[in-house]
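> Below you will find the structure I want to go over with you.
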């Protein structure tokens with residue numbers, strides 16, 4: 056949080072702000088995303104944001120796009136474990152704002168502990 060607070064004043068209009076924001080394990084992260092929105096309130100609404108590993112629900116998605124319409128949302132295979140509220144948000148992201156994350160090292164195939172040749 057402290058690093059983000061120090062970084063925000065350095066962001067210029069031509070920068071794309073790339074963020075990873077997650078809640079606790081088995082949590083959609085509503086509180087974390089709303090805290091993030093509060094931290095970003097000094098940025099212009101035209102700020103381009105890439106929000107990787109998005110796990111939020113419709114409420115969070117709506118608030119983010121309302122405040123920062125130039126936000127792109129990245130998803131990983133974690134969508135397989137989304138609850139119905141997260142699935143609703145996932146299917147509501149405009150296609151033009153959808154990114155597919157390939158964090159392969161962190162997402163082994165089912166039945167495997169690691170995604171590595173060793």
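Residue numbers (the working numbering): 56 to 173.
Using N, Cα and C, we set each Cβ at its ideal position, and we do this for glycine too.
1) Distance check for residue 137 and residue 62, CA to CA, integer angstroms please.
2) Determine, using beta-carbon pairs with one atom in the region 101-118 and one in the region 134-154, whether at least three such pairs fall under 8 Å.
3) State yes or no: is the C-beta of residue 70 nearer than 8 Å to some heavy atom of the ligand NAD?
4) Could you tell me whether any Cβ in chain C is nearer than 9 Å to the Cβ of residue 125?
5) Tell me which residue opens and which closes the beta strand (DSSP E) that residue 141 is part of.
6) Would residue 128 and residue 152 be called neighbours here (beta carbons separated by less than 9 Å)?
7) Return helix, strand or coil for residue 118, following the three-state DSSP convention.
8) Would you grab the beta carbon distance between residue 107 and residue 74 for me? Rounded to a whole angstrom, and I think it's under 8 Å.
9) Measuring only the C-alpha atoms, how far is residue 98 from residue 87?
10) Please classify residue 101 as buried or exposed, where buried requires at least 16 neighbouring CB atoms within 10 angstroms.
11) Which residues in the same chain as residue 92 place their Cβ atom closer than 8 Å to its Cβ, once the five residues preceding and following it in sequence are excluded?
So, from the listed chains and residues:
1) Cα-Cα distance, rounded: 31 Å.
2) Contact holds: three or more Cβ-Cβ distances are below 8 Å.
3) With respect to the ligand NAD, the structure offers nothing, as it holds no ligand at all.
4) Of the protein chains in the structure, only one exists, and it is not chain C.
5) Counting along the chain, residue 141 falls outside any beta strand (DSSP E), though it belongs to the alpha helix (DSSP H) covering 139-147.
6) Cβ distance < 9 Å, so residue 128 and residue 152 count as in contact.
7) Helix at residue 118.
8) The C-beta separation of residue 107 from residue 74 comes to about 7 Å, placing the pair in contact by the 8 Å criterion.
9) The straight-line gap from Cα to Cα measures roughly 18 Å.
10) Under this definition residue 101 is an exposed residue.
11) When the five nearest sequence neighbours on each side are left out, the beta carbons in the same chain lying within less than 8 Å of the beta carbon of residue 92 are those of 118, 119, 122, in order along the chain.
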